[in-house]
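Residue numbers (full-length UniProt numbering): 1 to 237.
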């Protein structure tokens, strides 16, 4: 008998090619999980899924750190299609970069289900959105909505991810490089001007006075910070 997870609605996102998805689906699926397929690690698509757990196929192990930065409180499972003793060093790296578990696709379905449930128990309910401490700014993930006061703000997909990260790590200073590599990927190294341009665009849309920002602060020589604490919105809140 399958034990029901703690979350009434549980989105499991599988990242990989179609063949890997069809291989993993029977192992991951049960009556309490909604299985969503994403072909690549694209932050915009992952956020819209509001995942309770992310399952990366072997070909996406290089993105473990990016996914962990995007979802600091979401379990990440790496599925190995062809495990071998020579992979020990890379397995250690995956775990160090933020993976919670590494499971061979050759393991049986019962083991997969047990390990998925174990990881889900260790984390809070999936994040659906966030609200600034003053109650004036709200961001939702699946609907990709941003509201300031009574105004609905239209953000591009990457602007939405940028604001999400700043609110998710509210009151912490995030470097331009951290933001760049979390949004665009680890291969981006020197294009930090992207962040400056996008931050300027988000400020113009959100702030009453972009020269005196209420929410989005520039930390000279380092990066950016969301100035207020944020309240997380989940199914239980």
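For each residue, glycine too, the CB sits at the ideal point set by N, CA and C.
In the structure shown, the three-state DSSP call for residue 19 is helix. Residue 194: member of the alpha helix (DSSP H) spanning 193-206, first to last residue. DSSP places residue 170 outside both helix and strand once states are collapsed to three, so it counts as coil. By the Cβ-count criterion, residue 31 is exposed, with fewer than 16 other Cβ atoms from all chains shown falling within 10 Å of its own Cβ.
From the listed residues 183, 172, 17, the smallest Cα separation to residue 65 is found for 183.
Under a 10 Å Cβ-count criterion, residue 212 is classified as exposed, with fewer than 16 other Cβ atoms of the shown protein chains found around its own Cβ. Contact between residue 133 and residue 228 holds: their C-beta atoms lie close to 4 Å from each other, under 8 Å. Here the alpha carbon of residue 98 sits roughly 6 Å from the alpha carbon of residue 68. Judged by DSSP in its simplified three-state form, residue 157 adopts helix.
Setting aside the 5 residues that flank it on each side, residue 50 is surrounded in the same chain by 11, 126, 127, 128, 141, 142, each with a C-beta closer than 7 Å to its C-beta; the list follows chain order. In terms of Cα proximity to residue 21, the closest of 114, 33, 39 is 39. The C-alpha of residue 146 is placed about 8 Å away from the C-alpha of residue 160. In chain order, 62, 63, 65, 66 place their CB closer than 8 Å to the CB of residue 186, counting only its own chain and leaving out the 5 sequence neighbours on each side.
According to DSSP, residue pairing for residue 110 in a beta bridge does not occur. Residue 222 carries a coil assignment under DSSP once its states are collapsed to helix, strand and coil. Judged by their CB atoms, residue 78 and residue 41 are not nearer to each other than the 8 Å cut-off.
Classified as buried, residue 52 has 16 or more neighbouring CB atoms from the shown chains inside 10 Å of its CB. A buried status is given to residue 100, since no fewer than 16 other beta-carbon atoms sit within 10 Å of its beta-carbon. A straight-line Cα-Cα distance of about 52 Å links residue 81 and residue 208. Nearest in C-alpha terms to residue 110, of all of 166, 137, 58, 24, is 24.
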